[in-house]
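Engineer: Sharing a structure, written as structure tokens. Questions coming.
In mature numbering (1 follows the signal peptide of the UniProt record, and there is no 0), the protein residues as written are -24 to -1, 1 to 421.
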């Protein structure tokens, strides 16, 4: 009996050792994968989808394991990159917002994705031209555009039908929107505010771009480092005069600035108390989920008597850190290529509202089904697709754009509250030019 028990125990031990051995094999295979730490700033649906992409990529091959890590706001990530570069704490791949492009391109902390594009003969003609050009410098693709949005105008199509108001044109002028906002306010007997435009510097930059005006000299910094900006321009003044016109007509409600302003204007729109607002196309998902009425979208408004030049993108791009070994950088690049596949870009747009940047995404069933369900969702992508890149609509390569936006937002706040338009814009312009002068001197430009 004792011998039988010992044999049984021996057999059990052998099974346990075998199990441990198999387990060890699995762990060692997982451990053999090169870890790719990926810092991002996505929350909500964006974070969920990025995690899915990482899991799908990890399961699709045996070399790399992407580990997404949420690191806070865009500003916070840039600061963390600066502080951790060259240490074990820095990521292999990170996402950073559009206004950090010049700072990062000049930082010598990243490997331009152009290096991998050239080696693999990667077809960048499939990527939307405006987005592609935004993240390039002197013909070099410094990063890969990813979560990309376009500013558009939203309206409640069902509300207009109930009020007996015609839909605005696909590419409306300022006067088209003023007429629309006036009708909404009057026909609802003041119960619905016609329109709003957030006190947001990005929107004023876009009004300028759409009239083919550049904010910074030297072709918005695309020829060489800018030495000054010009904010008191005809296009900027015209846009602010248009806002003031609607404030005076009492067609306008001012929600202020910042994330609370955006949350409040969206809440007002969804509750039927606001007819029209201008904002990022990244909100399409949120609006279609929370809206019982039919959503309407137009392209960005342009000044009367001028042709729309197209607007610049918003959002962020993917950067590869140069302080990591070649195999780690290679893994980061392979994940970027995975993200840019047509099906994955289509999923990204469907789940988040950010635009699919691979042109072949439009052929996918995912987007065809989306457009069938929400026809207006096609508009931002069409606006992006037909915009011909030029130095006005391809982004501003200027260090200190965060500072510019603070100053411009202050000017917009003053203007909305009745201050002189010329004086407010000139004050912001002078303050930024002093900043540029000091920054260029400090950096030896």
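By construction, the Cβ of each residue, glycine as well, lies at the ideal position given by its N, Cα and C atoms.
Tell me, which residues are paired with residue 14 by DSSP?
Structural biologist: Paired residue(s): 44 and 69.
Engineer: Could you give the C-beta distance for residue 425 and residue 127, rounded to a whole number, given that I count them as a contact under 8 Å?
Structural biologist: With the chain represented from -24 up to 421, any question about residue 425 goes unanswered, as that position is not in the structure.
Engineer: Would you please state the rounded distance, in angstroms, between the beta carbons of residue 421 and residue 255? I believe it to be under 8 Å.
Structural biologist: Going by Cβ atoms, the distance from residue 421 to residue 255 rounds to 35 Å, so no, they are not a contact pair.
Engineer: With a threshold of 8 Å, are at least 3 pairs of Cβ atoms found where one atom belongs to the stretch 154 to 173 and the other to the stretch 130 to 141?
Structural biologist: The stretch 154 to 173, when compared against the stretch 130 to 141, does touch it at the 8 Å Cβ threshold.
Engineer: Please state whether DSSP places residue 118 in a helix, a strand or coil.
Structural biologist: Reduced to three states, the DSSP call for residue 118 is coil.
Engineer: Mind checking residue 281: buried by the 16 CB within 10 Å criterion, or exposed?
Structural biologist: The residue is exposed, with fewer than 16 neighbouring Cβ atoms inside 10 Å.
Engineer: Output the residue ranges of the alpha helix (DSSP H) runs that lie fully inside the stretch 206 to 251 and measure 4 residues or longer, sorted by chain position.
Structural biologist: Listed in chain order, the complete alpha helix (DSSP H) runs (minimum 4 residues) inside the stretch 206 to 251 are 210 to 224 and 234 to 246.
Engineer: Given a cut-off of 9 Å, decide if residue 310 and residue 37 are closer than it, judged by their beta-carbon atoms.
Structural biologist: The answer is yes: Cβ separation under 9 Å.
Engineer: Just how far apart, CA to CA, sit residue 74 and residue 295?
Structural biologist: Taking the straight line from one Cα to the other gives about 11 Å.
Engineer: Measuring alpha carbon to alpha carbon, tell me which residue in 206, 43, 27 and 298 is nearest residue 10.
Structural biologist: Nearest option by C-alpha distance: 43.
Engineer: Taking residue 392 as the reference, give the member of 336, 134, 226 and 23 with the closest Cα.
Structural biologist: Checked all of 336, 134, 226 and 23; the closest Cα to residue 392 is 226.
Engineer: Using CA coordinates, which residue listed in 328, 300 and 192 is at the minimum distance from residue 259?
Structural biologist: The shortest Cα separation from residue 259 among 328, 300 and 192 belongs to 328.
Engineer: Check whether the Cβ of residue 160 lies closer than 9 Å to any Cβ atom in chain D.
Structural biologist: The chain inventory of the structure shown lacks chain D, comprising one protein chain alone.
Engineer: What is the rounded straight-line gap between the Cα of residue 424 and the Cα of residue 110?
Structural biologist: The first residue shown for the chain is -24 and the last is 421, placing residue 424 beyond what the model contains.
Engineer: Considering just the uninterrupted stretch of the beta strand (DSSP E) at residue 128, what are its terminal residues?
Structural biologist: From DSSP, the beta strand (DSSP E) with residue 128 extends over 127 to 132.
Engineer: For residue 336 and residue 197, I'd like the C-alpha separation in whole angstroms.
Structural biologist: Approximately 31 Å between the Cα atoms of the pair.
Engineer: Measuring only the C-alpha atoms, how far is residue 180 from residue 120?
Structural biologist: Distance between the alpha carbons of residue 180 and residue 120 is about 25 Å.
Engineer: If you measure between the beta carbons of residue 408 and residue 357, is that distance less than 9 Å?
Structural biologist: Contact flag unset, no.
Engineer: Alpha carbon to alpha carbon, how far is residue 410 from residue 292? Give it in angstroms, no decimals.
Structural biologist: Answer to the nearest angstrom: the Cα atoms are 28 Å apart.
Engineer: Could you work out which residue in 334, 216 and 262 is closest to residue 238 when comparing CA atoms only?
Structural biologist: Of 334, 216 and 262, the residue nearest in Cα terms is 262.
Engineer: Taking the alpha-carbon positions, what's the residue 278 to residue 148 distance?
Structural biologist: About 7 Å.
Engineer: By a C-beta neighbour count over all protein chains shown, 10 Å radius and 16 as the cutoff for buried, is residue 108 buried or exposed?
Structural biologist: Buried, by the Cβ-count rule.
Engineer: Smallest Cα separation from residue 117: which of 134, 133, 135 and 93?
Structural biologist: With distances taken between Cα atoms, residue 117 lies closest to 93.
Engineer: Tell me the DSSP secondary structure of residue 169 in three-state form.
Structural biologist: Strand, per DSSP.
Engineer: Return the first residue and the last residue of the beta strand (DSSP E) that residue 363 is part of.
Structural biologist: Unbroken run through residue 363: none, as it is neither H nor E.
Engineer: Cα-Cα, which of 203, 204 and 218 is closest to residue 496?
Structural biologist: Because the chain spans -24 through 421 in this model, residue 496 falls outside it and cannot be assessed.
Engineer: In angstroms, rounded to a whole number, what distance separates the CA positions of residue 406 and residue 413?
Structural biologist: Answer to the nearest angstrom: the Cα atoms are 11 Å apart.
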